[in-house]
Amino acid sequence: MIAHGKNATGSMPQRIVFWCLRIATYFVLACATYIFLDITIKGSRAVFITHPPFVNFAFLSQAPETLYVFDYEGKKTTMGDREFREWKTTHQIDDANVTSVAYSAGGIWPCIVGTALLVIGSMTFALLVGISSAIYLSEYSRNGRLVRLVRIAILNLAGVPSIVFGLFGFGLFVIFFGWNVSLLAGWFTLGLMVLPAIITASEESLRAVPQGLREGSLALGATQWQTIRKNVLPYALPGILTSSILGIARVAGETAPIMFTAAYAVRDTMPWNVSKWSEFPFQGVMALPYHIYVVSSKIPQNEYTARVQYGAAFVFLALVMLIALSSVLLRQRVRMRLQW
Amino acid sequence: MNGSTVTVTSPPAAHKVAARGGRTGEALIRLFFGGNAIIAVVVLVLITLFLFREGFGFFGGNLQNLRVYRSGGLEYVDIIRDQADANSALSRALSDVRVKELRGLMQKGRSLDEANGDLGAFDQFATAFSDAGTDLAGLVSDLTDQAAAVKEQTMLGSGAASVGPEDGETPSVTPAVAATVESIRASYPDYERITATMSEALRNLLANPPALTTPLAQEAFNRVNEKTREYLAAFPAQAERLRAWDPAKPVRWHQAITAFLFDQRWITASFWQDWYGIVPLLVGSIMVSIVALILAVPFGVASAIYVSEIATRPEQRLIKPYIEFIAAIPSVVLGFFGIAVVGQAIRTASESTWFHWVSFFPLSERLNVFTAGALLGLMAVPTIFTLSEDALRNVPRGFKEASYALGANRLQTIGRVIVPASLSGIMSAILLGLGRVIGETMVVLLCAGNRIAIPDFTQGLGAFFQPVHTMTGIIAQEMGEVVRGSIHYRALFMVGLVLFALTLLINLAAQRIAARYRMSIG
Amino acid sequence: MVTLEKMPDVISTPSIPPATEAPQKAQIEIKDFEFAYGENRVLHSVNLQILPRAVTAFIGPSGCGKTTLLRCINRMNDLVDSARVERGEILIDGININAPEIDVVDLRRRVGMVFQKSNPFPKSIYDNIAYGLRVAGVTKRSRINEAVETSLRSAALWDEVKDRLDRSGLSLSGGQQQRLCIARALAVEPEIILMDEPCSALDPIATARIEELIHELKTQYTIVIVTHNMQQASRCSDFTGFFYLGNLVEFANTAKIFSNPTRRQTEDYITGRFG
Ligand SMILES: Nc1ncnc2c1ncn2[C@@H]1O[C@H](COP(=O)(O)OP(=O)(O)OP(=O)(O)O)[C@@H](O)[C@H]1O
Ligand SMILES: [Mg+2]
Numbered sequence: 001m002i003a004h005g006k007n008a009t010g011s012m013p014q015r016i017v018f019w020c021l022r023i024a025t026y027f028v029l030a031c032a033t034y035i036f037l038d039i040t041i042k043g044s045r046a047v048f049i050t051h052p053p054f055v056n057f058a059f060l061s062q063a064p065e066t067l068y069v070f071d072y073e074g075k076k077t078t079m080g081d082r083e084f085r086e087w088k089t090t091h092q093i094d095d096a097n098v099t100s101v102a103y104s105a106g107g108i109w110p111c112i113v114g115t116a117l118l119v120i121g122s123m124t125f126a127l128l129v130g131i132s133s134a135i136y137l138s139e140y141s142r143n144g145r146l147v148r149l150v151r152i153a154i155l156n157l158a159g160v161p162s163i164v165f166g167l168f169g170f171g172l173f174v175i176f177f178g179w180n181v182s183l184l185a186g187w188f189t190l191g192l193m194v195l196p197a198i199i200t201a202s203e204e205s206l207r208a209v210p211q212g213l214r215e216g217s218l219a220l221g222a223t224q225w226q227t228i229r230k231n232v233l234p235y236a237l238p239g240i241l242t243s244s245i246l247g248i249a250r251v252a253g254e255t256a257p258i259m260f261t262a263a264y265a266v267r268d269t270m271p272w273n274v275s276k277w278s279e280f281p282f283q284g285v286m287a288l289p290y291h292i293y294v295v296s297s298k299i300p301q302n303e304y305t306a307r308v309q310y311g312a313a314f315v316f317l318a319l320v321m322l323i324a325l326s327s328v329l330l331r332q333r334v335r336m337r338l339q340w
Numbered sequence: 001m002n003g004s005t006v007t008v009t010s011p012p013a014a015h016k017v018a019a020r021g022g023r024t025g026e027a028l029i030r031l032f033f034g035g036n037a038i039i040a041v042v043v044l045v046l047i048t049l050f051l052f053r054e055g056f057g058f059f060g061g062n063l064q065n066l067r068v069y070r071s072g073g074l075e076y077v078d079i080i081r082d083q084a085d086a087n088s089a090l091s092r093a094l095s096d097v098r099v100k101e102l103r104g105l106m107q108k109g110r111s112l113d114e115a116n117g118d119l120g121a122f123d124q125f126a127t128a129f130s131d132a133g134t135d136l137a138g139l140v141s142d143l144t145d146q147a148a149a150v151k152e153q154t155m156l157g158s159g160a161a162s163v164g165p166e167d168g169e170t171p172s173v174t175p176a177v178a179a180t181v182e183s184i185r186a187s188y189p190d191y192e193r194i195t196a197t198m199s200e201a202l203r204n205l206l207a208n209p210p211a212l213t214t215p216l217a218q219e220a221f222n223r224v225n226e227k228t229r230e231y232l233a234a235f236p237a238q239a240e241r242l243r244a245w246d247p248a249k250p251v252r253w254h255q256a257i258t259a260f261l262f263d264q265r266w267i268t269a270s271f272w273q274d275w276y277g278i279v280p281l282l283v284g285s286i287m288v289s290i291v292a293l294i295l296a297v298p299f300g301v302a303s304a305i306y307v308s309e310i311a312t313r314p315e316q317r318l319i320k321p322y323i324e325f326i327a328a329i330p331s332v333v334l335g336f337f338g339i340a341v342v343g344q345a346i347r348t349a350s351e352s353t354w355f356h357w358v359s360f361f362p363l364s365e366r367l368n369v370f371t372a373g374a375l376l377g378l379m380a381v382p383t384i385f386t387l388s389e390d391a392l393r394n395v396p397r398g399f400k401e402a403s404y405a406l407g408a409n410r411l412q413t414i415g416r417v418i419v420p421a422s423l424s425g426i427m428s429a430i431l432l433g434l435g436r437v438i439g440e441t442m443v444v445l446l447c448a449g450n451r452i453a454i455p456d457f458t459q460g461l462g463a464f465f466q467p468v469h470t471m472t473g474i475i476a477q478e479m480g481e482v483v484r485g486s487i488h489y490r491a492l493f494m495v496g497l498v499l500f501a502l503t504l505l506i507n508l509a510a511q512r513i514a515a516r517y518r519m520s521i522g
Numbered sequence: 001m002v003t004l005e006k007m008p009d010v011i012s013t014p015s016i017p018p019a020t021e022a023p024q025k026a027q028i029e030i031k032d033f034e035f036a037y038g039e040n041r042v043l044h045s046v047n048l049q050i051l052p053r054a055v056t057a058f059i060g061p062s063g064c065g066k067t068t069l070l071r072c073i074n075r076m077n078d079l080v081d082s083a084r085v086e087r088g089e090i091l092i093d094g095i096n097i098n099a100p101e102i103d104v105v106d107l108r109r110r111v112g113m114v115f116q117k118s119n120p121f122p123k124s125i126y127d128n129i130a131y132g133l134r135v136a137g138v139t140k141r142s143r144i145n146e147a148v149e150t151s152l153r154s155a156a157l158w159d160e161v162k163d164r165l166d167r168s169g170l171s172l173s174g175g176q177q178q179r180l181c182i183a184r185a186l187a188v189e190p191e192i193i194l195m196d197e198p199c200s201a202l203d204p205i206a207t208a209r210i211e212e213l214i215h216e217l218k219t220q221y222t223i224v225i226v227t228h229n230m231q232q233a234s235r236c237s238d239f240t241g242f243f244y245l246g247n248l249v250e251f252a253n254t255a256k257i258f259s260n261p262t263r264r265q266t267e268d269y270i271t272g273r274f275g
């Protein structure tokens, strides 16, 4: 009997080696799973509650506040900043016995808003420029020296560390253009950072559109732009958008590029509270990843801070993972549908 | 064959194509897309340009900084300070000896009080030893005050950022500075007197060493003894250096560059002297990357081989997206996880009895090279996995089939045909993983411990369990606080430039290797 | 087996075909045309004249450059990076189509093309046909409706699809798809139609339909067709050119080529002794 294929049991050394490889693989998965579980379980305590409506909307909809901890009538009491000040007007408390923990009360609403704004703006920019570049590379360009240069630039840009993008954005947008720490600076910095990924993904999708469609269209007397608009882009777009979702995950997840271009550790006003709409893009925002950095490095780890630390990390991880998940699922569907 | 009536359209003679103004429109559209494609190039150029633009003034500023260091007499004071510090270091070594002796005594059954009593003679010796250095330390402290005051003056006067005298290497010195430097140098007789007393005191002490009972302590004490002798032997040379020291000796321009590239100190915002040496940061980055790769390469490559060659279909469909998922975990979340869980876990593990045999355990710092490296390793696994898996999958079927046809089993085929054929692809994957790791910011910022110092390599592998600071981390940490346009600010941009150049090189190497891979598999 | 040595250029340049009818002005004139993909010279000094309202067939063994020449007539080879005209010109109605002032879009509207592999757009049947008109700027619904019907009728497809014009073009059978492509080409009312092996993927019945269709279309259009099928060439073309290794070996009246070819190579090829 000849044993063959994947079901072959094989010799002893082969089995040992295969088991080692298998264990290594599953070890990696286990590590990641542990991280997901740890953050989910501990973070859920901040985000979910045991009674209806089961979601702690306060955490999601309030701004971060300082937490005050003190003993009152023999009971350990914790209060958020505003509540505490109000309470102090009616109660007597010795300030010396009150400890304050920054950021640990309230919620993370402004950070969610800021991250959403950053993602929307930078993805709009990156998609516009990225798809346009990809159209040029796949539809218009001949393999000249310039195109080679562009390709090399894209490859290398993809490897530039995000902190260097941060420095660059700081030097160019914040200082040279004088935009200060602002949404605008963040949009461009983040947008340029994901640009290579978007160009590569878009070009791949464009090239997957069969050449016959282009030839058929051109042979009917369509101009090149008509061909692209009516007969290439519509079929490439689903692929482009799904691969770009991973770009969203990346933009949302990066901290280093926005540290000195767009993010504030604390900002009391919400982005839409501007006197003139023209000022809107010129304001900095709070952002979820930066907030996580701040709360995990600037305040101690203890029972009072764990709520906001794990809560913010959990909400953020869940958001990014949802985005990544939808990308993976959508891509499988698009691949299935677009079999030429 | 008929059934369908064929009517033919009106004759094409009627067809007159109107000239459409489309051609310029088309050209414009093409130009628009081309312009967008150029953006990638422009951005790369701009990044280089702005890093240079902001970082460029650094060398001028640093040169000025170094010149003030010399002309203001700070260098002179530091020579003496080194000498004083060396004495304190020896004193500290003595306390280590004491700890060893104490332990030894207690193992012999003496109680703590008894043992402390036994050490009376030793303590006397140690106190005398450190007292010998008191005068020198006092001198240093006096001189420091003088020099610091004059430094403040010069820096205020000339403006910290602007480069002073243009006439090259001879710094212009204001009379006040000259006077201070003179008064500092006038302390030389004091110095000679103090060191003479000191060396005599130390010699006397060494002549009558305290008796020690444990061999371990004795051994350590002998080492201190040896070092002290060397230390004393260097006194004349030290004095010679002071005599030969010349505030007017030129500081050449290239020293600003060598100081950046090779100096082992990164000290900023100090009242005394700022040093911008990239070495500790570079060493930190490299050590973290080494740990990360040592962990990520075996796991990444192993899982790539497993998924592409061994796993069943359903397994593949589960594992591949899952590992892509790992790539999507935001680095700040991983960093937080490192602080909240991993660091503590590593320290707890180091305290367990299982690891007693490890010389450098238990750890004192929970955030260290290893903590950051372990997390970065997890981040690098997806990169290495995905690209290696691609390379393995692209090995032509023919290779595999030929190997099976010759009677090789799967293990032999994988080990002798598939992996070698895709080796350059895997190498390129590893390099790209390295690029990712070295450029990663948040994990190292949160988990590497942020101590700006080259770890103590005498501890061997223990060096990998000490806190470090990294290039990415320092930029992220200090950029927000520096004064725009200051030397410090520019130094951070220079660090960024080094980082940029480094990742660019790694990337180019990876591309080269990948190109070779594509050629080799045809 | 006969081996063919490479033809010297002189031989591959036939005189103007002996026309049986009254001499007519050629619509497409190919003069001393040489064409290359990169370093690879694919066409060597081709000279030939194509008459209006007639079917001209190109035959020859695989890789001899038939498709290349066909694609040169509507400059489809512009899409190929390495493609280059080395020498000579192609004139349509006396105008050099490779001249810089020529608008390719306009040229392609006048010279329609049907590809070897049918390539309907992944749109509805209706939209497939309307496409050419829409890109030409026709917006009037009634005019498009009319064109869709007439061209589908011309392509002998109307009866089969008239109830499902909104179905995807890809849902048709291979033969129907090819006829859809022909209809699509007809809808923009070109003067010349180039067909590259339009029947290569079709069964005999579908092939017969398309041949019949070509016969009908001949009264209105100039048709150039590439085929590997000798019977097809002899059945439906008026003139035939035989290509070999990038040379036009012989070009003449179809009847003459198939009954009395002047060159050995032609005879060997059409009698199936090689190729
Ligand atoms: N896009 C291209 N790039 C480079 N070379 C090409 C290209 N298209 C065709 N060729 C080459 O040009 C030569 C002629 O090709 P062509 O397609 O014109 O042949 P053909 O006569 O149509 O053959 P067939 O009967 O198989 O369709 C061939 O040698 C082919 O390799
Ligand atoms: Mg062909």
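Protein chains in written order, with the numbering used here: chain Z, 1 to 340; chain L, 1 to 522; chain H, 1 to 275. Where a beta carbon is used, it is the ideal one built from N, C-alpha and C, also for glycine. Every value quoted in this text rests on a predicted model; they were computed, and no experiment measured them.
Neighbour-count burial assignment, residue i, 16 or more Cβ in a 10 Å radius
i	result
Z/Arg145	exposed
L/Leu295	buried
Neighbourhood of residue i by C-beta distance below 6 angstroms, restricted to the same chain and skipping five residues each side
i	result
Z/Ala263	Ala287, Tyr290
L/Thr214	Glu101, Gly104
H/Gly112	Ala185, Pro190, Ile193
L/Ile452	Trp266, Pro280, His469
Distance between residue j and residue i (C-alpha atoms, nearest Å)
i	j	result
L/Trp266	L/Ile454	10 angstroms
Z/Gly169	L/Arg484	14 angstroms
L/Met287	Z/Thr77	46 angstroms
H/Trp158	H/Glu149	7 angstroms
Z/Leu117	H/Asn128	41 angstroms
H/Val226	H/Lys117	13 angstroms
L/Trp245	L/Tyr76	7 angstroms
Beta-carbon proximity list for residue i, same chain, < 8 angstroms, skipping 5 on both sides
i	result
L/Phe500	Ile47, Thr48, Leu51
Z/Lys42	Ala306, Tyr310, Phe314
Z/Ser100	Thr66, Leu67, Tyr68, Val69
Chain-ordered chain Z contacts of residue i [CB-CB under 9 angstroms]
i	result
H/Lys66	Ordered by position in chain Z, no residue passes the 9 angstroms Cβ test against H/Lys66, which lies about 16 angstroms from the chain.
L/Thr472	Pro161, Ser162, Ile163, Val164, Ala256
DSSP beta-bridge partners of residue i
i	result
Z/Thr99	Z/Val69
Z/Ala105	Z/Glu65
L/Val548	Residue 548 of chain L lies beyond the stretch modelled for chain L, which goes from 1 to 522, so this question has no answer here.
Chain-ordered chain L contacts of residue i [CB-CB under 7 angstroms]
i	result
Z/Tyr235	Under the 7 angstroms cutoff, chain L gives no residues; its nearest Cβ is about 18 angstroms from Z/Tyr235.
Z/Ala249	Ala328
Chain H residues whose Cβ lies nearer than 8 angstroms to that of residue i
i	result
Z/Thr223	Val105, Val135
Residues that residue i contacts on chain L, provided the C-beta gap is smaller than 8 angstroms
i	result
Z/Leu317	Ile329, Pro330, Val333
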